[in-house]
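Residue numbers (mature numbering (1 follows the signal peptide of the UniProt record, and there is no 0)): -20 to -1, 1 to 358. One structure is given below, encoded as structure tokens.
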């Protein structure tokens, strides 16, 4: 469990560390409006953010989160839900009403923030060099600034930016307004890279930690060049291998269907050798992310910064219903909501205070930032 709950709330308030721990972001008090705009990228609060955006894979796209009914009167896998991306509830960028997401947390403080994805659509697939219509597509009125593609690996971030950047610019009538608005981009990529990290995958040559770091860094350099006034939050990878260990004995929850099964979606999960390769890849990716973020600290007078939010998620602590019953691979709605709270709760913490272990807590509360809180970009 994240350490926020281990100390008594009154002591935390007295120390000025938190203002509240609440069930819903709607219970958080509004921040007193600023008397002057932020001086630079080191001085940003949630209410300064005018645009939110995200890049990533099927998790950021919200694939399979709603599950299906495997009961006697249910449809099972033969249901459109099985191939849908519920982008409006994506933990990082979803904007459906009352959805528990990072984007909606920001919206609580910046009501006119742009970019959150809405509703749902049929899965769009892009992986390695296979990113062509009709498999891969965007629906701008639904996706908005959720550039994630199911199947994506780090090398596909540039493809996602090809959509994201012009779509972001389309929100502004004047280029001057685009340049003035502060933006927050969340990037979470690496799960499919892990699934291709063993010899059984034809994409293994694209997913070494070195190449992963190269692709992520290239995406950041492009963002820095083409998107003014932006903070990028790199989310760490979690050990996807433990999803297989968690779900191994839950065949009733995820009946084999011959198509959407975790071992078919993630070939490296089919053997112990593959699982070890995935774990080594995840560790390598996180080292790359931490090193890359350190290259782009926020500076006085600056307008670009990269943050790193680790994801030491203990998948084995998850209840089975935090995983989708479609494939026993993707997080369910419950899983997405927990992830959203966790990353929000650590977003204001300095590097040395980030969580070392993230254990599932069904009663995890939401942090209310104070007027003194800033995104720790420096």
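A virtual CB, placed ideally from N, CA and C, is assigned to each residue, including glycine. Quantities reported herein were computed from a predicted structural model and do not represent experimental measurements.
Within the continuous beta strand (DSSP E) that includes residue i, where are the two ends?
i           : result
residue 288 : 284 to 289
residue 168 : 162 to 168
Quick check on the DSSP output: the alpha helix (DSSP H) that includes residue i runs from which residue to which?
i           : result
residue 240 : Counting along the chain, residue 240 falls outside any alpha helix (DSSP H), and DSSP gives it neither H nor E.
residue 29  : Unbroken run through residue 29 is the beta strand (DSSP E), 29 to 36; no alpha helix (DSSP H).
residue 266 : 252 to 274
residue 213 : No alpha helix (DSSP H) holds residue 213; the beta strand (DSSP E) holding it covers 210 to 215.
residue 88  : 82 to 89
residue 120 : 120 to 123
residue 154 : Looking at the DSSP string, residue 154 is not in any alpha helix (DSSP H), and its letter there is neither H nor E.
residue 206 : 189 to 206
residue 24  : No alpha helix (DSSP H) holds residue 24; DSSP gives it neither H nor E.
residue 224 : 221 to 227
residue 175 : 171 to 175
Who are residue i's beta bridge partners in DSSP?
i           : result
residue 339 : 294
residue 65  : 43 and 101
residue 138 : Looking at the DSSP assignment, residue 138 forms no beta bridge with any residue, so it has no partner.
residue 94  : 31
residue 347 : 1
residue 303 : 311
residue 126 : 34
residue 107 : 110
residue 131 : Answer is none; residue 131 lacks a bridge partner.
residue 249 : Paired residue(s): none; residue 249 is not in a bridge.
residue 74  : 97
How many whole angstroms separate the CB atoms of residue i and residue j, which I take to be in contact at a CB cut-off of 8 Å?
i           : j           : result
residue 289 : residue 216 : 6 Å
residue 141 : residue 202 : 6 Å
residue 299 : residue 340 : 7 Å
residue 47  : residue 304 : 5 Å
residue 25  : residue 353 : 6 Å
residue 166 : residue 72  : 5 Å
residue 219 : residue 245 : In fact, because the Cβ distance is near 16 Å, the residues do not count as touching under 8 Å.
residue 261 : residue 198 : Actually they are not in contact, since the Cβ atoms of residue 261 and residue 198 sit about 19 Å apart, beyond 8 Å.
residue 175 : residue 247 : 7 Å
residue 144 : residue 33  : 6 Å
residue 152 : residue 204 : Contact flag wrong, Cβ pair sits at about 19 Å.
residue 276 : residue 191 : Not confirmed; about 20 Å, so no contact.
residue 265 : residue 189 : 6 Å
residue 362 : residue 224 : Any question about residue 362 goes unanswered here, given that the chain covers just -20 to 358.
Which same chain residues, not among the five before or five after residue i, have their C-beta less than 7 Å away from its C-beta?
i           : result
residue 43  : 65, 103, 130 and 310
residue 273 : 214, 286, 287 and 288
residue 39  : 168, 171, 310 and 311
residue 410 : The question about residue 410 has no answer, for the chain in this structure spans -20 to 358.
residue 240 : 57, 62, 306 and 307
residue 313 : 45, 46 and 69
residue -15 : Residue placement at residue -15 cannot be trusted, given a pLDDT of 34 that sits under 50; what the coordinates show is reported in the next sentence. If we look at residue -15 and ignore the five residues flanking it on each side, it has no Cβ neighbours.
residue 139 : 106 and 111
Ignore the nearest five residues each way along the sequence and tell me which others in residue i's own chain have a CB closer than 6 Å to its CB.
i           : result
residue 149 : 158
residue 281 : 20
residue 61  : 46 and 48
residue 53  : Unreliable placement is indicated for residue 53, whose pLDDT of 48 sits below 50; the coordinate value is still reported in the next sentence. Excluding residues within five positions, none has a Cβ falling inside 6 Å.
residue 221 : 255, 258 and 259
residue 445 : Residue 445 lies beyond the stretch modelled for the chain, which goes from -20 to 358, so this question has no answer here.
residue 351 : 11 and 12
residue 320 : 71, 80, 81 and 82
residue 132 : 37 and 106
residue 337 : 292
residue 295 : 222, 223 and 226
Please work out which residues of its chain come closer than 8 Å, Cβ to Cβ, to residue i, disregarding the five sequence neighbours upstream and downstream, and give them in chain order.
i           : result
residue 30  : 90, 92, 93, 94, 161, 162 and 163
residue 196 : 134, 137, 167, 169, 214, 268, 269 and 272
residue 17  : 28
residue 207 : 145, 148, 163 and 165
residue 109 : none
>> Using 8 Å as the cut-off, can you tell me whether the stretch 235 to 247 makes contact with the stretch 90 to 107, which would need three or more C-beta pairs spanning the two stretches below that distance?
In response: no
> Are at least three pairs of beta-carbons, each pair with one atom in the stretch 112 to 122 and one in the stretch 80 to 89, less than 8 Å apart?
Replying inline: no
> Three or more beta-carbon pairs under 8 Å between the stretch 70 to 83 and the stretch 319 to 328, yes or no?
Replying inline: yes
>> Measuring CB atoms only, is the stretch 336 to 350 touching the stretch 1 to 8, in the sense that at least three cross pairs come out at less than 8 Å?
In response: yes
> Should the stretch 120 to 130 be called in touch with the stretch 177 to 188, which here means at least 3 C-beta pairs below 8 Å?
Replying inline: no
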